[in-house]
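Going down the list, the sequences are from chains A, B and C.
All residue numbers for the first sequence refer to numbering that gives the first Met the number 0, where the first residue is 0 and numbers rise by one.
All residue numbers for the second sequence refer to numbering that gives the first Met the number 0, where the first residue is 0 and numbers rise by one.
All residue numbers for the third sequence refer to numbering that gives the first Met the number 0, where the first residue is 0 and numbers rise by one.
A virtual CB, placed ideally from N, CA and C, is assigned to each residue, including glycine.
These numbers come from a predicted model, not from an experiment.
Here's the structure, in structure tokens; my notes come after.
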Amino acid sequence: MKNLPILFCGILLSLALSFMGLVLSSNIQLGGLTPITETLDEDGNAIDGDPLFPVKMLGAAQQGEAVYADLGCVACHTQQVRRSLQLQVDRKGLGPDIEREWGKRHTVARDYVTQGRVLIGSKRVGPDLKTIGERQGDANWQHLHLYNPKITSEGLSIMPRYAFLYETRAIEGTASINALQFEADSAFAPAAGYEVVPTQRAEALVEYLLSLKLNYSLPEAPISE
Amino acid sequence: MSDEQHTKDKGEQDLHDSLMREKDEPRDGSSPIPIFILFLFAALCFWGGVYLIKFGGEHFSKDAYTLDYDPHAGRVVVQISLRDRGFKVFKAQCVVCHQESGLGVPGVYPTLAGSEWVTGHQESLARILINGLNGPIEVAGNQFNGNMPAFGPSGLNLKPQDLAGVLTYIRQEWGNDASDVTEATINGYMDQYGSRGTPWTAEEVVTDLGEEPVAEAPAAEDSDDEAPADAHAPAAH
Amino acid sequence: MSNAPQSNSQSTCTDACVRTVLHEIDGSIRFPALFFVVSAILWLVVGTALTLITALQSYQPGFMSGCEFVTYGRLYPAAVNAMLFGWGCNVIFAVALWIMARLSLAPIRSGGLLIVAGLFWNVGVKVGLFGILAGHLNSAEGLELPGYATPILLIAYAFIGVWGILAFRARQGQGVYVSQWYILGALFWFPWFYTVAEFMVVWFPARGVVQSITSAWFTGNVQNLWLTPMALATAYYVIPKVLGRPIHSYNLALLGFVSLALLGSWTGVAQLIGGPVPIWVSSVGIVASVMMVVPVITVSLNLYLSVKGSRAEIWRSPALRFVMFGIMSYFFASMIGSVMTFRSISEITHFTTFISGQSLHLTYAFFSMVMFGGLYFMVPRLTKVEWPSSTLIFLHFWGSAFGITISVVALLIGGWISGNQMNDAAVPFIDVVQSTLPWLKIRSIGEVCLAVGHIAFALNFFWMLFATGSVRSKQGPTLLESANQEGAA
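Written as structure tokens, this is what we have:
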């Protein structure tokens with residue numbers, strides 16, 4: 000090739016086109032999305048006075064989101080509920096996500112506008128977590144599961160242990176309120192006289208997991224009964 | 000061709016063995032492109048175009064998340080009932096004074112539960128809301144003397160459907176059992192009173208009332224006399 | 000160009016002049032290139048170790064799970080980034096820049112820039128990896144390096160970019176060969192898409208799923224606009240150099256380059272299929288992924304026709320064996336990749352180990368194998384010493400070839416099976432997990448084979464680098480079979 004200007008133009012254009020076509024255009028389409036009411040009025044506007052969804056996480060749940068990201072949970076878990084990819088008539092998903100009761104509706108872009116780091120993930124070594132707060136709403140279960148996933152899965156889980164988020168210490172006086180409750184005769188329970196207590200990071204992480212719910216509709220994705 | 004003769008000439012260059020046995024720098028041949036590749040490219044371009052039209056989400060719409068998206072279906076609007084709408088407005092605008100229980104604050108804000116003004120003539124109630132009410136008023140046997148702000152165009156400017164909703168709500172909550180107030184009714188009252196700038200007084204607001212709108216719900220009181228509210232069980236919200 | 004003495008009957012004056020210039024070029028770039036090679040190989044060893052640990056952790060969750068710094072969620076991104084930025088980028092800087100220098104036919108004056116760049120780059124990767132292990136990783140695939148490490152990488156890259164421009168401008172000769180198009184393209188594309196992705200995902204995150212779209216665009220670009228062009232540039236250089244034959248068709252090469260440039264960066268977003276993005280995003284990705292068969296077939300055909308009939312030489316030459324393994328893998332991996340993006344197939348493979356297997360297929364079986372071939376060709380010319388041991392080359396090749404074949408096949412099959420099971424809502428998820436375990440175990444056997452191959456390679460290289468007299472005086476190319484006739488380089 001002898002025509003260098005054309006070569007350089009082509010190199011420039013090829014990336015410029017995809018940048019504009021994918022990144023810029025999606026930013027234009029989706030970058031301005033904000034929380035909105037569950038339904039719209041006849042003019043297509045948000046209804047005054049209605050609560051806006053999605054709701055931004057605050058407090059411990061927000062800290063827990065940072066713990067989730069820092070531990071790299073996104074390597075194995077997704078947080079998106081898919082619809083079936085086949086053409087279908089009824090609005091209920093036929094795909095595995097909704098059938099597996101991982102959500103009552105599929106997720107849309109607006110569901111993620113309040114997240115600082117979008118954690119939709121790309122692998123399902125473990126189940127989807129978008130609605131884990133609805134599926135496993137018990138804090139003690141979540142703590143046990145993080146402490147040792149084999150406890151809650153009859154020994155079959157391949158999720159790593161996060162025992163470093165917990166502290167095993169001697170019981171002083173009475174057991175502390177937030178100690179993990181093991182089943183009687185559990186092989187995983189600490190020795191007699193000891194208790195397993197979550198650290199602040201574990202508490203935050205469990206708060207975050209319990210807050211993961213998809214219990215609201217959006218105009219573009221209503222929950223159909 | 001033997002390139003294995005290693006040059007022993009240590010003159011100015013010290014070309015090492017691997018360099019000497021290298022072949023020449025690369026060059027291109029000039030064979031033409033096989034036709035099938037061009038056909039393949041063209042066929043794929045065509046297929047791509049068709050695919051994007053079929054699965055492109057209605058011309059790259061940002062609202063098409065699924066293959067059965069129908070842009071002509073309009074927005075998903077669930078018609079909420081007048082009472083539900085009214086409840087939302089009540090929570091946003093009215094509870095601060097009249098409280099969530101509708102009982103008000105004794106001596107300060109009148110009760111709405113069991114109030115003859117609420118279950119009475121729709122027009123007097125609408126007047127109060129649209130333009131506000133000042134001065135002494137007796138509600139359910141108690142005296143109040145305050146300022147109810149205007150929620151019509153001269154005040155907080157609620158939409159007619161919101162006014163209709165909140166009036167319907169208070170007329171049917173906490174044991175009150177009166178007729179719906181429709182948006183059409185409110186529109187009519189807005190035409191008459193929307194431009195009025197001054198709040199009503201308790202005496203004025205019940206004079207010169209028009210016809211009570213035809214009720215579809217249980218019949219409301221016809222007169223503008225104070226009448227006790229019926230003690231029916233309220234419909235579940 | 001100086002007048003060289005006539006060396007043998009085959010060389011003309013011009014030919015010897017060219018070889019003199021090449022000799023000077025090799026000399027001028029020797030230290031930077033060897034620095035990059037040493038870095039690349041050390042990172043390869045580190046990356047392989049990390050990958051091996053994560054492969055074991057994937058089915059033995061208790062393995063090394065006691066400490067926060069080596070929990071799987073951090074170690075896995077660390078392994079991926081060590082291989083991508085440590086091994087991948089360093090070997091690219093070594094081989095591709097050497098090829099660029101050689102094709103410019105002018106000695107390089109600014110080699111010092113490259114060494115500075117290399118130092119900064121390695122510092123940046125180390126800082127980034129420690130940051131990941133400390134928990135400062137980002138949650139976007141490919142962009143996990145903490146936001147404070149990537150500016151170091153970009154500063155390092157700036158030096159390399161400047162060097163590239165200077166080298167290209169100093170070039171002699173009129174034509175620009177295929178490899179140079181690919182290298183120029185990649186050198187230009189990489190900093191641009193990397194910076195954009197860092198801005199929009201890490202430093203000033205965009206709102207909501209725009210982050211996901213940008214990071215998907217980024218991973219597609221890394222594959223198609225960075226790793227692939229550099230590997231193809233290497234293949235286009237090494238094959239004619241070893242065989243002494245011209246590339247079959249300039250026109251095919253041109254078509255391959257143009258179609259890759261146009262289509263390559265649109266393919267990444269196909270992975271968002273079914274996700275919380277408008278459907279046009281994934282449809283565009285699918286169309287681009289399927290149309291990628293055009294550059295793949297074009298390039299594969301071109302290179303195949305360039306080597307047709309030289310099977311014995313391919314088998315004999317280490318460089319060619321690795322390169323051709325890579326190119327064949329490129330063909331197969333890309334074909335699978337194009338078919339896999341169809342919705343009906345994607346519904347089964349999405350989110351499974353099939354995707355990981357495909358990614359491994361392209362990055363290792365194609366890119367890494369081609370770059371190994373490039374190293375086998377390049378390093379003797381820099382060190383002026385032949386590869387000490389053909390046994391170690393043999394171990395390296397078969398370790399890598401077996402290892403990657405086992406790993407990829409295990410991941411693809413495991414992913415297919417688990418995907419089908421996942422789509423059946425009656426199967427409890429824990430059963431889906433259990434059914435992947437045997438395949439994960441087989442995959443780690445593959446990783447062990449890879450590790451064996453890499454250690455053999457590292458040994459061979461360092462033996463060569465710290466060569467003693469017996470190695471130094473070794474004659475002739477180190478071939479994988481005893482040559483009955485004069486063979487390739």
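Listed as beta-bridge partners of A:Tyr-165 by DSSP are A:Pro-197. The beta carbon of B:Phe-59 falls within 8 Å of a beta carbon belonging to chain C, placing the residue at that interface.
Cβ proximity to chain B below 7 Å picks out nothing from the region 111-129 of chain A. For C:Trp-279, the three-state secondary structure derived from DSSP is helix. The three-state reading of DSSP puts B:Tyr-64 in coil, since its state is none of H, G, I, E or B. Per DSSP, reduced to three states, the secondary structure at C:Tyr-176 is coil, with no helix or strand assignment. If only uninterrupted alpha helix (DSSP H) runs of at least 4 residues are considered, those enclosed by the region 352-408 of chain C are 352-359, 368-382. One thing to note: C:Leu-104 has its Cβ no nearer than 8 Å to the Cβ of B:Leu-18. Around the beta-carbon of A:Leu-39, 16 or more other beta-carbon atoms lie within 10 Å, marking it buried. Note on B:His-58: under 16 other CB atoms within 10 angstroms of its CB, so exposed under the neighbour-count rule. Every alpha helix (DSSP H) stretch that sits fully inside the region 95-164 of chain B and reaches 4 residues is listed by chain position as 115-118, 121-130. Annotated three-state conformation of C:Phe-324 is helix, per DSSP. Residues of the region 34-47 of chain B whose Cβ lies closer than 8 Å to any Cβ of chain C, in chain order: Ile-36, Leu-39, Phe-40, Leu-43, Cys-44, Trp-46, Gly-47.
Closer than 8 Å to the CB of A:Val-196 there is not a single CB belonging to chain C. For B:Lys-87, the nearest CB of chain A lies under 8 Å from its own CB, placing it at the interface with that chain. Sequence-distant partners of C:Trp-188 (beyond 5 residues in either direction) whose C-beta falls short of 6 Å from its own C-beta, in its chain, are Leu-224.
Within chain C, no residue has its beta carbon less than 8 Å from that of B:Met-189; the closest one is some 40 Å off. In the DSSP assignment, C:Asn-223 falls outside any alpha helix (DSSP H), carrying neither H nor E. In terms of CA proximity to C:Leu-300, C:Ile-246 leads the group C:Asp-14, C:Leu-152, C:Ile-246, C:Pro-476. Taking C-beta atoms as the reference points, C:Val-37 and B:Leu-43 fail to come closer than 8 Å. Proximity to B:Ala-177 across B:Gly-187, B:Ser-114, B:Gly-209 peaks at B:Ser-114, based on C-alpha coordinates. Here the alpha carbon of A:Asn-139 sits roughly 11 Å from the alpha carbon of A:Thr-151. Looking at C:Gln-59, C:Val-426, C:Pro-60, C:Ala-54, the one whose alpha-carbon comes closest to that of C:Ala-77 is C:Ala-54. Put simply, the CB of C:Gly-110 is far from chain A, with every gap to its CB atoms at 8 Å or more. By the neighbour-count criterion, in which 16 or more other beta carbons inside 10 Å mark a residue as buried, A:Ile-5 falls on the exposed side. The beta carbon of C:Asn-419 sits closer than 7 Å to those of Ile-347, all from its chain and outside the five residues before and after it, given in chain order. For C:Gly-46, the CB contacts under 8 Å within the same chain, skipping 5 residues up- and downstream, are Ala-78, Ala-81, Met-82, Gly-85, Trp-86 in chain order.
Residues of the region 12-36 of chain A with a Cβ closer than 7 Å to any Cβ of chain B, in chain order: Gln-28, Leu-29.
Leaving aside the five residues that flank C:Trp-265 on each side, the residues in its chain whose CB is nearer than 7 Å to its CB run, in chain order, Val-283, Gly-284, Ala-287. Around the Cβ of A:Val-107, a 10 Å sphere holds 16 or more other Cβ atoms; the residue is buried.
Contact between the region 369-379 of chain C and the region 318-328 of chain C is present: 3 or more CB-CB pairs across the two stretches fall below 8 Å. Residue state for A:Leu-217 is assigned as strand, using DSSP reduced to three classes. Between C:Gly-452 and C:Leu-394, the beta carbon gap of about 6 Å places them in contact (Cβ cut-off 8 Å). Any Cβ of chain B closer than 8 Å to the Cβ of C:Leu-242 would place that residue at the interface, and such an atom is present. For B:Asp-27, the pairing in a beta bridge is given by DSSP as C:Ile-246.
Taking the C-beta atoms as reference points, B:Ala-201 is found no nearer than 8 Å to B:Leu-124.
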